[in-house]
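Quick notes on the structure that follows.
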Amino acid sequence: AQSVTQLDSQVPVFEEAPVELRCNYSSSVSVYLFWYVQYPNQGLQLLLKYLSGSTLVKGINGFEAEFNKSQTSFHLRKPSVHISDTAEYFCAVKAYGGSQGNLIFGKGTKLSVKP
Amino acid sequence: GAGVSQSPSNKVTEKGKDVELRCDPISGHTALYWYRQRLGQGLEFLIYFQGNSAPDKSGLPSDRFSAERTGESVSTLTIQRTQQEDSAVYLCASSLQGRFLNEQFFGPGTRLTVL
Numbered sequence: 005a006q007s008v009t010q011l012d013s014q015v016p017v018f019e020e021a022p023v024e025l026r027c028n029y030s031s032s033v034s035v036y037l038f039w040y041v042q043y044p045n046q047g048l049q050l051l052l053k054y055l056s057g058s059t060l061v062k063g064i065n066g067f068e069a070e071f072n073k074s075q076t077s078f079h080l081r082k083p084s085v086h087i088s089d090t091a092e093y094f095c096a097v098k099a100y101g102g103s104q105g106n107l108i109f110g111k112g113t114k115l116s117v118k119p
Numbered sequence: 023g024a025g026v027s028q029s030p031s032n033k034v035t036e037k038g039k040d041v042e043l044r045c046d047p048i049s050g051h052t053a054l055y056w057y058r059q060r061l062g063q064g065l066e067f068l069i070y071f072q073g074n075s076a077p078d079k080s081g082l083p084s085d086r087f088s089a090e091r092t093g094e095s096v097s098t099l100t101i102q103r104t105q106q107e108d109s110a111v112y113l114c115a116s117s118l119q120g121r122f123l124n125e126q127f128f129g130p131g132t133r134l135t136v137l
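Protein chains in written order, with this note's numbering: chain R, 5 to 119; chain H, 23 to 137.
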């Protein structure tokens with residue numbers, strides 16, 4: 005079975021500052037990794053995903069994440085945030101192979117960008 | 023193009039009543055998922071439909087929960103004899119296929135409040 009831990013439930017940050025949202029996972033098998041974003045009153049939107057290859061993944065809106073297998077982490081980063089980045093961010097995993105398609109989600113991190 | 027739609031957007035019901043939530047997936051998407059998001063929690067997988075295969079019901083929390091899907095179209099999630107702990111946002115997602123790495127597209131959710 006897989007599990008995902010997002011270490012920070014809330015992250016306040018000032019506009020134009022860098023931000024890192026932390027995600028650690030646990031799995032007995034190899035996994036694919038995802039970050040989703042949920043803007044206020046909207047559905048979840050895929051931000052980026054790691055499938056294989058380069059461990060540094062770039063996504064939409066200037067976000068990137070780095071897969072670290074030894075630390076079982078997939079932290080999300082942005083060098084300079086905007087007010088519009090205020091949202092809730094979810095890290096998720098999906099096991100290799102098998103017939104199940106569902107994602108396992110963390111509890112989410114609320115990013116609040118202040119002017 | 024049209025995304026995943028869900029109805030109603032909000033539902034308030036009294037404890038003990040039955041509710042039915044609807045999901046319209048993206049046309050052509052064979053895989054459909056239901057998730058539940060309780061306050062302060064991550065998304066919790068409920069059920070997964072893939073084409074004409076038997077659904078994966080492993081995430082349903084009790085026998086009060088059931089879901090149906092007609093072919094590769096609309097799905098309904100039914101909760102019988104609702105309890106206050108059923109209060110949550112119920113999210114539906116669809117993808118081209120479940121087994122592989124196709125992105126899951128999420129609907130805006132139905133916010134269920136059980137009084």
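Glycine included, each C-beta is placed from N, C-alpha and C at the ideal position.
The structure displayed is predicted, hence computed values, not measured ones.
For residue i, go through chain H and note every residue whose CB falls closer than 7 Å to its CB, in chain order.
i	result
R/Gln46	Pro130
R/Phe109	Gly64 and Leu65
R/Phe18	The premise fails here: R/Phe18 is roughly 25 Å from chain H at the closest Cβ pair, so nothing lies under 7 Å.
R/Phe67	Under the 7 Å cutoff, chain H gives no residues; its nearest Cβ is about 16 Å from R/Phe67.
Would you report the Cα separation of residue i and residue j, rounded to the nearest angstrom?
i	j	result
R/Gln75	R/Tyr36	15 Å
R/Val85	H/Gln126	26 Å
H/Val149	R/Asn45	Beyond the ends of chain H as shown, which are 23 and 137, falls residue 149 of chain H; an answer cannot be given.
R/Ile87	H/Leu65	25 Å
H/Ser116	H/Gly93	13 Å
R/Ala121	R/Leu50	Given that chain R is displayed from residue 5 to residue 119, the structure contains no residue 121 of chain R and the question cannot be resolved.
H/Glu36	H/Ala53	32 Å
H/Ser88	H/Arg103	12 Å
R/Glu70	R/Tyr29	13 Å
H/Glu42	H/Gln72	21 Å
H/His51	R/Leu60	29 Å
H/Ser27	H/Leu82	21 Å
H/Ala24	H/Leu99	21 Å
H/Cys45	R/Ser34	31 Å
R/Leu107	H/Phe67	7 Å
R/Pro22	R/Tyr54	22 Å
H/Lys39	H/Gln119	34 Å
R/Leu25	R/Asp89	12 Å
Does the Cβ of residue i have 16 or more other Cβ atoms within 10 Å, making it buried, or fewer, making it exposed?
i	result
H/Ala76	exposed
H/Asn32	exposed
R/Gln42	buried
H/Asn74	exposed
R/Asn72	exposed
H/Pro130	buried
R/Lys82	buried
R/Gly57	exposed
Going along chain R, which residues have a C-beta under 8 Å from residue i?
i	result
H/Glu125	Leu50 and Lys53
Determine the chain H residues that contact residue i at a beta-carbon separation under 9 Å, and present them in chain order.
i	result
R/Phe78	Per Cβ cutoff of 9 Å: no residues; R/Phe78 is ~15 Å from chain H at best.
What does residue i reach in chain H if we use C-beta pairs closer than 8 Å?
i	result
R/Phe94	Gly64 and Leu65
Practice task
Report yes or no: do the region 101-114 of chain H and the region 52-61 of chain H share at least 3 C-beta pairs separated by less than 8 Å?
Solution key: Counting C-beta pairs with one atom in each stretch, the region 101-114 of chain H and the region 52-61 of chain H have three or more that are closer than 8 Å, which means they touch.
Exercise for the section: Give, in chain order, every residue of the region 50-65 of chain R whose Cβ lies closer than 7 Å to some Cβ of chain H. Expected result: Per Cβ criterion, the list reads Leu50 and Leu55.
Handout entry: contact_flag[the region 24-44 of chain R, the region 88-99 of chain R] where n(CB pairs < 8 Å) is 3 or more
Key = Enough Cβ pairs lie closer than 8 Å, so yes.
Problem - Inter-stretch contact (C-beta, 8 Å, three-pair minimum) for the region 56-65 of chain R and the region 9-18 of chain R - result: Counting Cβ pairs under 8 Å, fewer than three are found: no touch.
Exercise for the section: Take every Cβ of the region 14-21 of chain R, pair it with every Cβ of the region 85-103 of chain H, and state whether three or more of those distances are shorter than 8 Å. Expected result: Contact fails: fewer than three Cβ-Cβ distances are below 8 Å.
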